[in-house]
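In our numbering, the protein residues as written are 6 to 222.
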């Protein structure tokens with residue numbers, strides 16, 4: 006596995022009066038990810054031409070928003086507005102954005118995120134990639150099955166695990182500490198066994214250390 010810095014970061018948090026804290030991120034690519042990417046390149050560009058993929062259709066964004074609010078047990082939205090073509094729904098502690106074609110969704114629970122700091126664990130106790138994949142697949146199957154529908158000969162595959170960490174230094178003792186506060190699993194997709202790479206076809210699910218859902222996209 007390879008560790009590298011990513012943009013999975015949050016704003017700085019003051020951990021205590023004697024501490025200076027910051028938030029960073031690291032990632033672990035799953036063993037099969039690089040092999041899948043290379044396979045996609047060699048298979049995808051082996052032929053002189055490729056057929057164009059077409060989305061079967063779009064879903065009305067209000068229906069997507071209503072269906073997800075019901076499935077997640079959020080009650081009802083307190084506010085609804087449009088930002089350009091994106092539908093923005095909010096409740097007391099959550100927000101849900103749905104793209105114009107209904108194919109893209111971004112959900113965030115501010116109350117869960119607020120608990121993440123107090124549940125921080127040593128880096129050695131972060132959720133394993135295997136556990137994250139299992140939790141992510143269970144959430145998708147239970148809550149997102151109606152929205153994430155795979156076509157013929159398509160599969161959802163785990164490609165990376167990300168971890169959000171908080172660290173700081175005690176100004177009195179000089180002691181440096183770090184803790185993992187959130188765990189994210191990133192899924193991609195294969196089509197006829199060939200991985201689809203790039204920014205599309207991603208499902209990203211984030212959990213805090215007690216297993217609560219913080220966000221998905």
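From the three backbone atoms N, C-alpha and C, an ideal C-beta is built for every residue, glycine too. These figures come from a predicted structure and were not determined experimentally.
Cα-Cα separation, residue i to residue j
i           : j           : result
residue 89  : residue 65  : 16 Å
residue 137 : residue 187 : 11 Å
residue 184 : residue 209 : 22 Å
residue 109 : residue 121 : 26 Å
residue 132 : residue 104 : 31 Å
residue 199 : residue 135 : 22 Å
residue 222 : residue 100 : 12 Å
residue 146 : residue 179 : 46 Å
residue 86  : residue 107 : 15 Å
residue 163 : residue 73  : 23 Å
residue 215 : residue 77  : 18 Å
residue 152 : residue 159 : 15 Å
residue 213 : residue 166 : 13 Å
residue 218 : residue 75  : 16 Å
residue 117 : residue 201 : 32 Å
residue 27  : residue 93  : Below a pLDDT of 50, predicted positions are generally treated as unreliable, and residue 27, at 46, falls in that range; the measurement from the model is reported next regardless. Their backbone Cα atoms lie some 30 Å apart in a straight line.
residue 196 : residue 206 : 11 Å
residue 177 : residue 211 : 34 Å
residue 82  : residue 194 : 31 Å
residue 102 : residue 84  : 12 Å
residue 175 : residue 68  : 50 Å
residue 119 : residue 91  : 26 Å
Beta-carbon spacing of residue i, residue j below 9 Å
i           : j           : result
residue 80  : residue 96  : yes
residue 2   : residue 111 : The structure shown does not extend to residue 2, since the chain is modelled only from 6 to 222, so the question has no answer here.
residue 130 : residue 114 : no
residue 155 : residue 161 : yes
DSSP three-state assignment for residue i, whether helix, strand or coil
i           : result
residue 152 : coil
residue 172 : strand
residue 142 : helix
residue 70  : helix
residue 83  : coil
residue 122 : helix
residue 217 : coil
residue 147 : helix
residue 89  : coil
residue 159 : strand
residue 98  : coil
residue 206 : coil
residue 77  : coil
residue 64  : coil
residue 134 : helix
residue 108 : coil
Residue i: CB within 8 Å of a non-hydrogen atom of the ligand ADP
i           : result
residue 169 : No copy of the ligand ADP occurs in the structure displayed, which carries no ligand at all.
(message) So, does the stretch 137-148 touch the stretch 189-199, judging by three or more C-beta pairs under 8 Å?
(response) At 8 Å Cβ cutoff, the stretches touch.
(message) Quick check: the stretch 122-132 against the stretch 158-174, are at least 3 beta-carbon pairs closer than 8 Å?
(response) Flag = yes, the stretch 158-174 and the stretch 122-132 touch.
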